[in-house]
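J.:
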C-alpha cells in the first residue's frame, strides 16, 4: 500500500519505521534537515513541504495512497491535512491530535474534518496508564475481543509462587494461557517444559477474571479496598489519566507545580484532589503521605524529572511507579533502575495507527516490550489455513514464535488447547514474535 | 473634561422617566377596583396616575436619545425604585385616611410595598378606614416590585433591549443574569410569565377553596389581594390579622406558593420546558429545600411540646400535631424567604422557636427569586468556601475550586460574596445602633430583640419582627427619623446594597 505520512516528528518517524518494510511510505515534513536525515536513515521517500498544501500532496502522490497519516505536532494542521487529502483521494485518513475535545467533536460525527480515524495521543496514553495501574504488578495490559480477552505482562519476582516452575506446573489457572517470556532481552515462546525464572517477564492471555486472579497471586499484597493513586504533573497526559481514574470511581491525587495549571485542572476534575507543589519536595510528600500511595504515576514534561520522581517515590516506599517517557531509548533503562512501568505516548499512538495498516486482517494489535513481540486479534476466515483444523495441526505449519492465546467463539471465551478445533468466524488472539509477524500474517 | 468619564445623569434620568411613565399603568387596577366598589378613592388614583405619567414624561425629555452605560445603570435602578416608592405613596397622601396620610408613613408604606418588605405603619388595617381600592393598591405595589421593576421594564420596553442585562444585573446583583434566550427581553418576559402564571394559579386556587366552602373569608377580593402578595414574597394583607384570618386550608395552600416564590424562577422555567431534573440538580434549591424542611421540623417539634402555647384564635397548639406543623411550616416558609405573612402571632412563641425564626430571617430566598435577604446561594458559597478553608488547613497545597452546580466559581466572585455578606451584617448592626440611639433620643423604651428584628426585617425585606413590630403590630411607634432610616434600609436591601451605596459615594460622581 502507498502510505503518506505527514509530519516526521517522533510519532511520524515511529510509524514510518514500522511500515517501511511492508509498504511504500512517503514522509512529508517541513524541516529540510529532517527530510535529508530521513532519506538516509529509513527506506522511505522523504519530501520537504507543507502537508496542508495541495501541491505537496500531489508531490507525495497522494492520489495513489491507501492511507494518509497526519501526525504533525499541531492538531489543527493535522485536521487540515486530512481535509485537503480527502479532496484528492479516497484514501483512509488518520489524524493524530492531542486535545481530547477535538476527538469528542469528531466522535460526534465520524468523518468530520475529512478524518476517517482519529488518534488522541494523550488520551491513549492516559488509558494505557489506567489499564496498567488497575492490575497490580502488570507491566502492560490490553483488552481483546471486545473485552472478553485480556492480555497482560508481569515481571516475576523471586518470591513469586510460580518462580522456578515450568509452564506446565504453573498452568493451574482456568482459561489462562502462558504465551511468552522475555528474559534478558530475549523472547521465548512458552512451551510446556519452559521454566519460569525470577525476573522473567511473562505474557499471559485469558479471561479478565483469570488474569486478575493470576495478578493477585503473583503480587501477594493485601489488596486495599480503594487504591490510592497519585499522579505527578498535570500535563495533558496527567490530566487525562486523572480523568480516566475519576471515571472509574477513583479519587486520585494530582500534584502540579504551576498554580494556574493546577487551578485549571482542579476546576475540570471534581473528584481529584489537586495539590500545588513541587513533587520533589520530600517534606511535602511525607506530609501528604504520598509514601502510602499504592501507585505513583509521573507525567511531568521531562523524562529525567519523571525518573527522579519515580525513584523518590520508590525510596519513600511506594509500591508501584509508572512513568511516562518521551525518549524510547530510556524505556528499558528506566525499567531497570526502578520504574515499574515506562509508558511511551509515541508507542501507544503508533500501536493504534499500525492497527489500521493491517485492518484487512488484524482487528487489534498490542505491542510488547517495545515491539519485540505483538499480540494480535484475527478473525478466522473460511479459507484460512487455520480453519477446521486443530491447533496442534495448524501450529506445525506456522513459523516458530506463535502462540494462540485465546479464542472467542460467538461471544464466549474458549481456552485453546492442542486438540481445540478452530472454526471460521472464531476470533483468535495470537502472541507473535515480531520477527516472524509478516510470515504469520501471510500464512493465516 | 472628558464627557464619557462623567455620569450621564440626563440619560439616566430620562430612562427613569420612561419607566415611571410606563409604571403608572399600575394605577389602572385600583381605578377599576374603585369603580367596582362604588367609586371610593377613584379620584385619588386618577390624580396619582396623571401626576406620575406627567412627571415621567417630563424626565424623559431630558435626553431624547438616552444611551446609559454601566455607571448609569446603578443610577437608573436606584432612582427607579426610589421614584416608584415616592409616586406610589401619592394615593395614601391624597386619600388622607389613617396613619399613612403622614408623608413619612406614606413613603414608608409605599417603599415597604415595592420592596416587598411588608412592614407596615398602617395603624388600622380595615375597610372602615381605607377603601378597598387603597388596600388593593397596597397589595399591588408588592406584586409590581416582586419580580423587579427593571425586569418588567426590560420585558416590555423595547428601548431597554440593549443594556437591559446590565440593568437587571444592577437590580439583582447576586449571581449575574442567566440569559435563558439570546434576547434579554425574552428572558425578562419568561421570568414575568412564570411569575404571572403562579400568581394567577394561586388566585384561582384560593378562590376555588372559597367556592368549595373551605375558606369562607377568602372571597374574590381577598383571593386577588393575597395572590398579589404571596408570589412577590411581600407579606401585606388587607386583613389586620394577616393569614390567621383564614381557614387552615388556605394557610396550607399558601405554604407551597411561598416556597415557590423563594426558588429561582429560572428553575421553574426549565421545569416547565421539560427539564424535570433541573430543580433537584440545583445546589441552591437543595439547600433551600433542606433549610426550610429542617427548620420546619425543628419548630414543629418545639411547638408540639410547648404545652403553654395557645391563643384565643388558635386554641391549644402543644400536643396538636396538625396545628404545630401548620404554624411551624407556615412561619418558617414565610420568614426564610422574607415573605412576612403570619398565620398566628408568633411573637407569643417560646424562646427556642423564636430563636429559630430569627435564624431563618437571615437565610433569605434563592437568587432569581422574589425573596430578599442574604440569599441561599451566598450562604452556600460561604459554607463551601469555609469547608475548603478547613481542608486547606490540613492540606496547605490543595487547590480546591468552590463549585456551584458542578461549575467552579471565580475566586473574585467568592470575595464579592464575602464582601456583600460582611457589608450586610455591618449595615444590620449599624441599623440596630442607629435605631437604639434614635429611640433613646425620644425616650422610647424598646427591647433589644425589637431593635434587632427591626433592623433585619427592613434590610432583609421581611416585614414583621418581634415585640411591637410583631406580626400583629406595626412600625408606627418608631420615631420619624427611625422610619426614614428604615425606608433607606428597605431600599438598600431590595437592591442588594451596592446600587444605592454606589450612588452615595463621591467617587461615583467624580470622573
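Chains as they are written, first to last, in the working numbering: chain R, 1 to 444; chain G, 1 to 511.
From the three backbone atoms N, C-alpha and C, an ideal C-beta is built for every residue, glycine too.
(1) Ordered along the chain, which non-local residues of its own chain (more than five positions away) have a Cβ less than 7 Å from that of residue 509 of chain G?
(2) Can you check whether the CB of residue 323 of chain R is closer than 7 Å to the CB of residue 310 of chain R?
(3) Find the nearest neighbour of residue 417 of chain G within the set G:496, G:349, G:480, judged by alpha-carbon distance.
(4) Residue 239 of chain R and residue 203 of chain R - do their beta-carbons sit closer together than 7 Å?
(5) When you compare each of G:33, G:478, G:505, G:236 to residue 343 of chain G by their alpha carbons, which one comes out closest?
(6) Anything in the region 376-401 of chain G with a Cβ closer than 7 Å to a Cβ of chain R? List those residues in chain order, please.
(7) How big is the Cα-Cα spacing for residue 150 of chain R and residue 401 of chain R?
(8) Less than 7 Å between CB atoms is the rule here; does residue 274 of chain R satisfy it with respect to chain G?
(9) Skipping 5 residues on each side, what residues in its chain have a beta carbon closer than 7 Å to that of residue 185 of chain G?
(10) Check whether the Cβ atoms of residue 429 of chain R and residue 167 of chain R sit closer than 7 Å, and answer yes or no.
(11) Can you check whether the C-beta of residue 408 of chain G is within less than 7 Å of a C-beta belonging to chain R?
(12) Three or more C-beta pairs under 8 Å: does that hold for the region 38-56 of chain G against the region 423-443 of chain R?
(13) What are the residues in the region 261-291 of chain R lying within 7 Å of chain G by C-beta distance?
(14) Could you tell me if residue 107 of chain G is buried or exposed, where buried requires 16 or more neighbouring beta carbons within 10 angstroms of its beta carbon?
(15) For the alpha helix (DSSP H) containing residue 325 of chain G, list its first residue and its last residue.
(16) Counting only C-beta atoms, is residue 166 of chain G closer than 7 Å to chain B at any point?
(17) Could you spell out where the alpha helix (DSSP H) holding residue 306 of chain R opens and where it closes?
(18) So, under 8 Å CB-CB, residue 250 of chain G and residue 209 of chain G are touching, yes? Tell me the CB distance rounded to an integer number of Å.
(19) Would you say residue 302 of chain R touches the ligand MG, meaning its beta carbon is less than 6 Å from a heavy atom?
(20) Assess, as a yes-or-no matter, whether the region 190-197 of chain G is touched by the region 143-151 of chain G under the definition of 3 or more beta carbon pairs within less than 8 Å.
(21) Taking the Cβ atom as the reference point for each residue, do residue 283 of chain G and residue 405 of chain G lie within a distance shorter than 7 Å?
(22) With DSSP as the reference, label residue 234 of chain R as helix, strand or coil.
(23) Helix or strand or just coil, what does DSSP make of residue 427 of chain R?
(24) Grab the span of the beta strand (DSSP E) containing residue 144 of chain R for me, first residue to last.
(25) By how many angstroms is the C-alpha of residue 464 of chain G removed from the C-alpha of residue 454 of chain G?
(26) When we look at the beta-carbon of residue 71 of chain G and count the other beta-carbons within 10 Å, is it buried (16 or more) or exposed?
(27) Tell me which residue opens and which closes the beta strand (DSSP E) that residue 426 of chain G is part of.
(28) Can you tell me which of the three DSSP states residue 253 of chain R falls into?
(29) Taking its Cβ as the centre, do 16 or more other Cβ atoms sit within 10 Å of residue 520 of chain G, making it buried, or is it exposed?
(30) Taking three-plus beta-carbon pairs below 8 Å as touching, is the region 33-45 of chain G in contact with the region 415-424 of chain R?
(31) Just the Cα atoms here: how many angstroms apart are residue 329 of chain G and residue 360 of chain G?
(32) Can you give the beta carbon distance from residue 276 of chain R to residue 304 of chain R, rounded, assuming they're within the 8 Å contact cut?
(33) Give me whichever residues DSSP pairs with residue 181 of chain R in a beta bridge.
(34) Would you identify the three-state DSSP class for residue 387 of chain G, choosing helix, strand or coil?
(35) Shortest alpha-carbon distance to residue 340 of chain R belongs to which of R:250, R:50, R:382, R:135?
T.: In brief:
(1) The residue you call residue 509 of chain G lines up with position 509 of the second chain. If we look at residue 509 of chain G and ignore the five residues flanking it on each side, its Cβ neighbours are 7.
(2) Along the first chain, read from residue 1 onward, the residue named residue 310 of chain R stands at position 310. Along the first chain, read from residue 1 onward, the residue named residue 323 of chain R stands at position 323. Their beta carbons are under 7 Å apart, which means residue 310 of chain R touches residue 323 of chain R by this criterion.
(3) Locating residue 417 of chain G in the second chain gives position 417, counting from the first residue. The residue among G:496, G:349, G:480 with its C-alpha nearest the C-alpha of residue 417 of chain G is G:496.
(4) Taking the first chain and counting its residues from 1, the one referred to as residue 203 of chain R is at position 203. Taking the first chain and counting its residues from 1, the one referred to as residue 239 of chain R is at position 239. Not a contact, by the Cβ cut-off of 7 Å.
(5) By one-based count along the second chain, residue 343 of chain G stands at place 343. Nearest option by C-alpha distance: G:236.
(6) Those residues of the region 376-401 of chain G that come within reach of chain R (Cβ to Cβ, closer than 7 Å) are 395, 397, 398, 399, 400, 401.
(7) Locating residue 150 of chain R in the first chain gives position 150, counting from the first residue. Locating residue 401 of chain R in the first chain gives position 401, counting from the first residue. Near 20 Å, if we compare the C-alpha coordinates of residue 401 of chain R and residue 150 of chain R.
(8) Stepping through the first chain from its first residue, residue 274 of chain R is reached at position 274. Yes, residue 274 of chain R counts as interfacial toward chain G.
(9) Position 185 of the second chain, counting from 1, holds the residue named residue 185 of chain G. Contacts found: 154, 155, 161, 164.
(10) As a working mapping, residue 429 of chain R is identified with position 429 in the first chain. As a working mapping, residue 167 of chain R is identified with position 167 in the first chain. Between residue 429 of chain R and residue 167 of chain R, the CB-CB gap reaches or exceeds 7 Å.
(11) Stepping through the second chain from its first residue, residue 408 of chain G is reached at position 408. True, the Cβ-Cβ gap to chain R drops below 7 Å.
(12) The way I'd put it, the region 38-56 of chain G doesn't touch the region 423-443 of chain R; fewer than three beta-carbon pairs between them come closer than 8 Å.
(13) From the region 261-291 of chain R, only 262, 263, 266, 267, 270, 273, 274, 275, 276, 277, 284, 288 have a Cβ closer than 7 Å to chain G.
(14) If you number the second chain from 1, residue 107 of chain G lands on position 107. It counts as buried.
(15) Taking the second chain and counting its residues from 1, the one referred to as residue 325 of chain G is at position 325. 321-336 is the extent of the alpha helix (DSSP H) around residue 325 of chain G.
(16) No chain B is part of this structure, whose protein chains are labelled R and G.
(17) Looking up residue 306 of chain R in the first chain gives position 306. That run of the alpha helix (DSSP H) goes 303-316.
(18) Taking the second chain and counting its residues from 1, one reaches residue 250 of chain G at position 250. Taking the second chain and counting its residues from 1, one reaches residue 209 of chain G at position 209. Going by Cβ atoms, the distance from residue 250 of chain G to residue 209 of chain G rounds to 6 Å, so yes, they are a contact pair.
(19) This structure lacks the ligand MG; in fact it carries no ligand of any kind.
(20) As far as the Cβ criterion goes, the region 143-151 of chain G touches the region 190-197 of chain G, which means the pair count is three or higher.
(21) Here residue 283 of chain G refers to the residue found at position 283 when the second chain is read from its first residue. Here residue 405 of chain G refers to the residue found at position 405 when the second chain is read from its first residue. Yes. Within cutoff.
(22) Counting from one through the first chain, the residue named residue 234 of chain R turns up at place 234. Residue state, collapsed to three classes: coil.
(23) Within the first chain, numbered from 1, the residue matching residue 427 of chain R stands at position 427. In the three-state scheme derived from DSSP, where H, G and I count as helix and E and B as strand, residue 427 of chain R is classed as strand.
(24) As a first step, residue 144 of chain R is located in the first chain; it is residue number 144 there, counting from the start. Here the beta strand (DSSP E) through residue 144 of chain R covers 138-144.
(25) Here residue 454 of chain G is taken as the residue at index 454 of the second chain, counted from 1. Here residue 464 of chain G is taken as the residue at index 464 of the second chain, counted from 1. Using only the alpha carbons, I get a separation of about 8 Å.
(26) For the purposes of this step, residue 71 of chain G is identified with residue 71 of the second chain, where counting begins at 1. Residue burial annotation: residue 71 of chain G is buried, with at least 16 other C-beta atoms found within 10 angstroms of its C-beta.
(27) For the purposes of this step, residue 426 of chain G is taken as the residue at position 426 of the second chain. That residue, residue 426 of chain G, is in no beta strand (DSSP E); its alpha helix (DSSP H) goes 411-442.
(28) Along the first chain, read from residue 1 onward, the residue named residue 253 of chain R stands at position 253. The answer is strand: DSSP assigns residue 253 of chain R an E or B state.
(29) Given that chain G is displayed from residue 1 to residue 511, the structure contains no residue 520 of chain G and the question cannot be resolved.
(30) Contact check between the region 33-45 of chain G and the region 415-424 of chain R: fewer than three CB pairs, one atom from each, fall below 8 Å, which does not count as touching.
(31) For the purposes of this step, residue 329 of chain G is taken as the residue at position 329 of the second chain. For the purposes of this step, residue 360 of chain G is taken as the residue at position 360 of the second chain. If I take the Cα positions, the gap works out to 12 Å.
(32) By 1-based counting over the first chain, the position of residue 276 of chain R is 276. By 1-based counting over the first chain, the position of residue 304 of chain R is 304. Not quite, the Cβ-Cβ distance comes to about 22 Å (not below 8 Å), so this is no contact.
(33) Position 181 of the first chain, counted from the first residue, corresponds to residue 181 of chain R. Per DSSP, R:188, R:202.
(34) Translated into the one-based positions of the second chain, residue 387 of chain G becomes position 387. Residue 387 of chain G: helix per DSSP, three-state reduction.
(35) Counting from one through the first chain, the residue named residue 340 of chain R turns up at place 340. Scanning R:250, R:50, R:382, R:135 for the CA closest to the CA of residue 340 of chain R turns up R:135.
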